[in-house]
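Undergrad: For the sequence shown, the numbering used here begins at 4 and goes up steadily by one.
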Amino acid sequence: MNVLVTGGAGYIGSVCVEQLIDRGHVVTVYDNLSEGHRSAVDKRAGFVMGDLSDDGKLAQTLEETKAQAILHFAANALVGESMANPGKYFRNNVACGLKLLEAAAAAGLKRFVFSSSCAVYGAPERVPMTEELPLQPVNPYGESKLMFEKMLRWYHRIHGVEFVAFRYFNAAGASERFGEHHRIETHLIPNLLKVALGQ
């Protein structure tokens with residue numbers, strides 16, 4: 004299958020790209036490299052340097068790659084930053100995401116996988132958590148993810164887009180091929196190791 008992966012140069016996206024290619028899919032990464040790294044993109048994948056705000060480039064990329072599915076990882080993802088700069092999160096995670104949905108619908112694309120977040124639940128009423136818990140985000144990051152999930156539901160009803168939204172908690176580990184690298188370290192395992200090393 005031909006798959007377009009937005010944010011495929013990032014932490015989770017790059018590992019998914021590697022796994023998709025290993026399973027025989029033809030993958031193109033679409034990334035502006037604002038958070039990700041070109042070196043993290045599997046050399047077997049196509050790469051388009053592009054921003055989700057660019058409607059024309061999105062449409063052109065979907066047409067040229069003959070994408071049959073989208074895995075959407077491109078997003079800003081720092082909770083604290085979202086509290087200080089909510090506009091950035093609503094612009095990039097919601098408005099730019101809408102441009103991607105519009106381009107997908109215009110191309111007749113019906114398969115969509117969305118990298119959501121446990122932040123859509125907010126402060127849980129109970130643990131362990133289940134998917135049936137109320138969706139009550141407590142920060143703009145979580146709200147932006149929930150807003151995009153709601154848009155996906157409407158695009159399913161109106162355009163027949165089939166979708167899955169993954170609500171991650173703490174993704175941990177690194178690709179054995181590419182390792183991991185972050186400009187600001189926010190991931191659990193590296194931070195635990197820093198504490199253990201007294202850093």
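Heads up, the beta-carbon is just placed ideally off N, CA and C, and yes, glycines get one too.
Note that this is a predicted model, so its numbers are computed, not measured.
1) Could you tell me which residues DSSP puts in a beta bridge with N5?
2) Is the number of C-beta pairs between the stretch 127-137 and the stretch 99-106 that are closer than 8 Å three or more?
3) Which partner residues does V167 have in the DSSP bridge list?
4) Along the chain, where does the beta strand (DSSP E) containing A126 start, and where does it finish?
5) Helix, strand or coil for V141 per DSSP?
6) If you count every other CB in all the chains shown that lies within 10 Å of the CB of L200, and 16 or more means buried, which is it?
7) Report yes if the C-beta distance between S147 and N88 is below 8 Å; otherwise report no.
8) Give me the residue from V6, N5, N79 with the minimum Cα distance to S119.
9) Which residues in the same chain have their Cβ closer than 8 Å to the Cβ of Q202, if we skip the five residues on either side of it in sequence?
10) Kindly indicate the opening and closing residues of the alpha helix (DSSP H) around M86.
11) Grouping DSSP H, G and I as helix and E and B as strand, with all else coil, what is G49?
12) State the DSSP-derived secondary structure class of H75, mapped to helix, strand or coil.
13) Can you tell me where the alpha helix (DSSP H) with A43 in it begins and where it stops?
14) Beta-carbon within less than 6 Å of F172's beta-carbon, same chain only, minus the 5 sequence neighbours each way: which residues are those?
TA: Reading it off the structure:
1) Indexing the sequence shown from 1 puts residue 5 at position 2. V29, per the DSSP bridge assignment.
2) Touching, no, given that fewer than three Cβ pairs across the two stretches are closer than 8 Å.
3) Residue 167 sits at position 164 when you count from the first residue of the sequence shown. Answer is V116.
4) For the purposes of this step, residue 126 is taken as the residue at position 123 of the sequence shown. In the DSSP assignment, A126 falls outside any beta strand (DSSP E), carrying neither H nor E.
5) Locating residue 141 in the sequence shown gives position 138, counting from the first residue. Three-state result, V141: coil.
6) Position 197 of the sequence shown, counted from the first residue, corresponds to residue 200. Per the 10 Å Cβ criterion, exposed.
7) By 1-based counting over the sequence shown, the position of residue 147 is 144. By 1-based counting over the sequence shown, the position of residue 88 is 85. Not closer than 8 Å, so no.
8) In the sequence shown, counting from the first residue as 1, residue 119 sits at position 116. Of the candidates V6, N5, N79, the one whose C-alpha sits nearest the C-alpha of S119 is N79.
9) As a first step, residue 202 is located in the sequence shown; it is residue number 199 there, counting from the start. For Q202, where only same-chain residues beyond five positions count, there are no Cβ hits under 8 Å.
10) Looking up residue 86 in the sequence shown gives position 83. Here the alpha helix (DSSP H) through M86 covers 82-87.
11) The sequence position of residue 49 within the sequence shown is 46, counting from 1. The answer is strand: DSSP assigns G49 an E or B state.
12) Reading the sequence shown from its first residue, position 72 is the one you call residue 75. Reduced to three states, the DSSP call for H75 is strand.
13) Your numbering for residue 43 matches position 40 in the sequence shown. Annotation for A43: no alpha helix (DSSP H) segment contains it, and DSSP assigns it neither H nor E.
14) For this step, residue 172 is matched to residue 169 along the sequence shown. Excluding sequence neighbours, F172 sits near C121.
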